[in-house]
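Engineer: The sequence shown begins at 0 in numbering that gives the first Met the number 0 and counts up one residue at a time. Don't be surprised by glycine CBs; every beta carbon is placed ideally from N, CA and C. Here it is: the structure, laid out below.
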Amino acid sequence: MASSWCPRGLKLANKLSPQQAVALAYLEHSGAPKVVAKGQGLIAEQIIQKAKESGVFVHESRELVSLLMNVDLDQQIPPGLYQAIAELLAWVYQIENKEFSTEGKS
């Protein structure tokens, strides 16, 4: 990832019952992404709703959410998840750049 890229955030949702959600944030020069919010049921729904209202990308991944639910708030993701999260953030970055390029051409 380019060092100048600083995404607004990323929310991961799990469609299990009860619903679970984890919010990640990655800031330039901060090391690895951090878990900034997580919850189940109503809390998960609120995390997802707030993300959508804020224009933050929401990705559904049952397995990834299950792993991230074990990370404490304000803690960096574990090294074992770096590759998966890096690929996901790179994909979000590409989507956001395409949307920005398309908006700039109108």
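Using alpha carbons as the reference points, say which of L87, A83, G38 and Y25 lies closest to D71.
Structural biologist: Checking every option, the nearest Cα to that of D71 belongs to G38.
Engineer: Leaving out the 5 sequence neighbours to the left and right, which residues in its chain are closer than 8 angstroms to Q74 when beta-carbon positions are compared?
Structural biologist: The answer, listed in chain order, is K33 and V34.
Engineer: Can you give me the start and stop residues for the beta strand (DSSP E) that V21 sits inside?
Structural biologist: V21 -> beta strand (DSSP E) spans Q19 to A24.
Engineer: Would the region 82-91 count as touching the region 38-49 if we require 3 or more Cβ pairs under 8 angstroms?
Structural biologist: Because the criterion of three Cβ pairs below 8 angstroms is not met, the region 82-91 and the region 38-49 do not touch.
Engineer: Note down the Cα distance separating G30 from P78, rounded to an integer number of angstroms.
Structural biologist: Each residue's alpha carbon lies about 11 angstroms from the other.
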